[in-house]
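With our numbering as the guide, the letters of the sequence shown map in order to residues 40 to 303.
Ideal placement from N, C-alpha and C gives every residue a C-beta, glycine not left out.
To start, the structure itself, in structure tokens.
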Amino acid sequence: MKKILVLGAGMVAGPLIRYLLERGHKLTVTSLVVEDAVKLLSGDENGTAMTLDLTDEETLGRLISEHDLVISLVPYAFHPLVARHCLTHGKNMITASYVSDEMQALDAEAKEKDLIFLNEIGLDPGIDHMSAMRIIDDVHNRGGKIRHFRSYCGGLPAPEACDNPFGYKFSWAPRGVLLASRNGARYWLDNHVVEVESSRLFRDMHLLHVPGGGDFEAYPNRDSLIYKDTYNLGNEVRSVFRGTLRYIGWCDTMYHFARIGLLD
């Protein structure tokens, strides 16, 4: 049995908490709103709910020191703070977020202390990385080369549950969804870098037909260029594109939302 500290009791925490409890681990789940943590633990005897304000660094550090593993599901801006306490107390850490510059700056110290800081291990980023590498490694092991790489992911409501004008329902932090809508993007197309300004993100859209699923809008997802090396594609690849999928109508709606300042 491991003692695991889960920071955050938001929309993505539930499945993880159920998974860990089913495997007999002892959890402490923290939240600014303790009732959220209590609800997710469902009275399990191996779970403890606590109120925690991450700016209370004394309590944060103490909790981290008392556990074997830290899983940070709080907003990404807090991960470096949590990571620094993990370095101090020699604890491994997991997040589902993209690696920020602040987190990357801690890489050398984490390695020096033989710690694992595992990031980008949610759905996107996360499961998409693993499915991509399975295919890429298989092609390389067969002696092949990859000329064009495209990966798409979208967290969408099932068609029968798609009952609002947006064609979308929040399955993770609503603020995070809106902030992502303000990102610019970069990708590699026919051996050239394509830069997409945030104001044009939803105009750089194409339709994608998914067999058995229908037609979707696809637009670029952040910086695809960094994955050329991460995916071991090197100089062989001519195009690298990571895209987000949405039901038709999303891109036009969000473009006009941004244009009139609703995303500012």
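{"Check": "Report the residue from Ser278, Leu218, Ala257, Leu240 whose alpha carbon sits nearest the alpha carbon of Ile265.", "Outcome": "Ser278"}
{"Check": "Among Ser263, Arg214, Arg239, whose alpha-carbon lies nearest the alpha-carbon of His231?", "Outcome": "Ser263"}
{"Check": "As a quick exercise: from Asp202, Lys184, Met244, Pro114, pick the residue whose alpha carbon is nearest that of Leu272.", "Outcome": "Lys184"}
{"Check": "For the ligand PLP, I want to know if Glu199 counts as a neighbour, meaning its beta carbon is within less than 8 Å of at least one of the ligand's heavy atoms.", "Outcome": "Ligands in the displayed structure: none, and consequently the ligand PLP is not present."}
{"Check": "Spatial neighbours of Lys267 within its chain, please: C-beta separation below 6 Å, excluding the five flanking residues on both sides.", "Outcome": "Val279"}
{"Check": "What three-state label does DSSP hand Lys78 in the structure shown?", "Outcome": "helix"}
{"Check": "Could you spell out the range, first to last residue, of the alpha helix (DSSP H) harbouring Thr127?", "Outcome": "118-128"}
{"Check": "Gly194 and Asp167: beta carbons closer than 9 Å?", "Outcome": "no"}
{"Check": "I'd like to check one pair, Ile287 with Gly206: are the Cβ atoms closer than 9 Å?", "Outcome": "yes"}
{"Check": "Comparing C-alpha positions only, which one of Met172, Gly129, Asn158 sits nearest to Glu151?", "Outcome": "Gly129"}
{"Check": "Just confirm the distance between the C-beta atoms of Leu112 and Ala149, as a whole number of angstroms; I'd bet it's less than 8 Å.", "Outcome": "In fact, because the Cβ distance is near 19 Å, the residues do not count as touching under 8 Å."}
{"Check": "For Asp202, name the three-state secondary structure that DSSP assigns.", "Outcome": "coil"}
{"Check": "Scan the stretch 194-238 and note each continuous alpha helix (DSSP H) run of 4 residues or more that stays entirely inside, going in chain order.", "Outcome": "213-219"}
{"Check": "Alpha carbon to alpha carbon, how far is Asp202 from Pro196?", "Outcome": "9 Å"}
{"Check": "Beta carbon of Leu71, beta carbon of Ile56: below 9 Å?", "Outcome": "no"}
{"Check": "Determine contact between the stretch 140-148 and the stretch 115-122, defined as no fewer than three beta-carbon pairs at a distance below 8 Å.", "Outcome": "yes"}
{"Check": "Provide the residue span of the alpha helix (DSSP H) that contains Pro54, from first to last.", "Outcome": "52-61"}
{"Check": "With C-beta atoms as the reference, is Gly161 less than 9 Å away from His124?", "Outcome": "no"}
{"Check": "With a Cβ-Cβ cutoff of 9 Å, do Asp10 and Asn131 count as a contact?", "Outcome": "Beyond the ends of the chain as shown, which are 40 and 303, falls residue 10; an answer cannot be given."}
{"Check": "Would you list, in sequence order, the uninterrupted alpha helix (DSSP H) runs of no fewer than 4 residues that lie entirely inside the stretch 121-184?", "Outcome": "140-143, 146-151, 166-180"}
{"Check": "Would the beta-carbon of Val68 fall within 9 Å of that of Ala212?", "Outcome": "no"}
{"Check": "Round the Cβ separation of Leu44 and Ile110 to the nearest angstrom and send it over; I've been treating them as touching at under 8 Å.", "Outcome": "7 Å"}
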